[in-house]
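Below: the structure, in structure tokens.
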Amino acid sequence: MKQFAGRILTVFSTLTILLTFANCEQRELCYDHSHNSLVSITFDWSLAPEARPSTMVVWFFPVDGGKGTRYELTHNGARSGTDFNTTVKVAPGSYRIVSHNGDTDNEERGHSFYDYEIFTAEDNILGPLNRPDRAPRPDDTDNQPIRSEASTLYACTYDGTVTVEPSAAQATEIVLTPREVTSVWDIRITGVANLSNGIEASAVVTGVAECWNPASGHPGGTEVIVPFPLHACAADCLRGSVVLFGDNAPHDVRHKLRVYTSYMYYYDFDITDQVHAAAGNRHVEIRVNGMDLPQTGDGMGTGVTDWEDAENEEIKM
């Protein structure tokens, strides 16, 4: 009889433990965020009517400095490609909000409002030529990392804070107004002597901003070098364009344009005055003149075993 009672007690204890775990598991269901409130997001494209993003990223950063929550939204199929009116579920609290297009090669880092940045991956000086990085850097740039060019970035930081109330009867409505925050530098080099079909060329610009900082609304990070390809646009002209985060303020850094050719000659131009005169412009035109290429035929320069500095004149436009 005692043995039977002991078995009953054991079964009862086992059931008690199982029910306890079941109750714990049931309590964990509160993390399904069903208590979150709705936020209705509308995008106003009046500042960037040319934009056609396929996705938009929206970050909700808690005002208290906690880790932000990231949403990536797709448009609703409108022909304009810019209709992202969307409702999302957000935990109650007060937030700073940052948004930008997500269909880019740009990268993101940081998890709070003040350390969040958009930047690009590492590159090498001769990346556009698909060659090993054995070319010399421009002078006084040893401390500048080499980064790939940016993808066009449409971004905005919501003015002020948004408070999401718990169990609100209606969705909290916000309007985000993205604008183009990257810059396009259009580079044109005229007076290029001995330009032939077989030559390949690329260039770098120095001293440009590493990233975009939504908290400040300005370019940020350290100064970097960005390579980009060049192509012939006339019998004596090379041209290229590069998308950048811009020029860090205060504008007291020198900017060089260095051109590399498949003849293993390089050419330097000081473009500082042109860059600083265009500070804040989204589309910048850089114009320089004068490059004497060696008369060595097509392809790699005959007899050239190392990179050589060709003489050129630094033009201030």
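Taking the working numbering, the leading residue of the sequence shown gets 22, the next gets one more, and so forth. Here a beta-carbon is modelled for each residue, glycine too, at the ideal position from N, C-alpha and C. Fair warning: this is a prediction, and the values are worked out from it, not measured in the lab.
Please state whether DSSP places Val247 in a helix, a strand or coil. It is a strand residue.
Considering Ile296, what are the terminal residues of the alpha helix (DSSP H) in which it resides? First, the residue type needs correcting, since residue 296 is Val and not Ile in the sequence shown. Its alpha helix (DSSP H) spans residues Thr293 to Ala298.
Tell me the start and end of each unbroken beta strand (DSSP E) in the region 215-282 that is at least 3 residues and wholly inside, in chain order. DSSP runs (the beta strand (DSSP E)) wholly in the region 215-282: 222-234, 239-255, 258-265 and 277-282.
Check the C-beta distance from Ile307 over to Leu278 and give it rounded, since I have them as a contact under 8 Å. 7 Å
In the structure shown, what three-state DSSP assignment does Leu314 receive? coil
Just to confirm the assignment, what range does the beta strand (DSSP E) spanning Asn122 have? Gly114 to Asn122
Is it true that the CB of Pro250 sits closer than 7 Å to the CB of Pro149? Against a cut-off of 7 Å, the Cβ pair of Pro250 and Pro149 comes out as a contact.
Keeping to the same chain, check which residues put their C-beta closer than 6 Å to that of Ala236; ignore five residues upstream and five downstream. Contacts found: Phe134 and Tyr135.
Quick check on the burial criterion: 16 or more other C-beta atoms within 10 angstroms. Buried or exposed for Asp144? buried
Would you be able to state if there are at least three C-beta pairs under 8 Å between the region 117-131 and the region 166-183? yes
Decide yes or no for the touch test of the region 180-187 against the region 239-248: beta carbon pairs closer than 8 Å, at least 3 of them. no
Continuous beta strand (DSSP E) stretch holding Phe64: start and end: Ser58 to Phe64
Residue closest to Leu59, alpha-carbon to alpha-carbon, out of Tyr92, Arg303, Val79 and Thr193: Thr193
In three-state terms, what does DSSP make of Leu150? helix
Mind reading off the beta-carbon distance from Ile246 to Val225? Whole number of angstroms is fine, and I expect it under 8 Å. 5 Å
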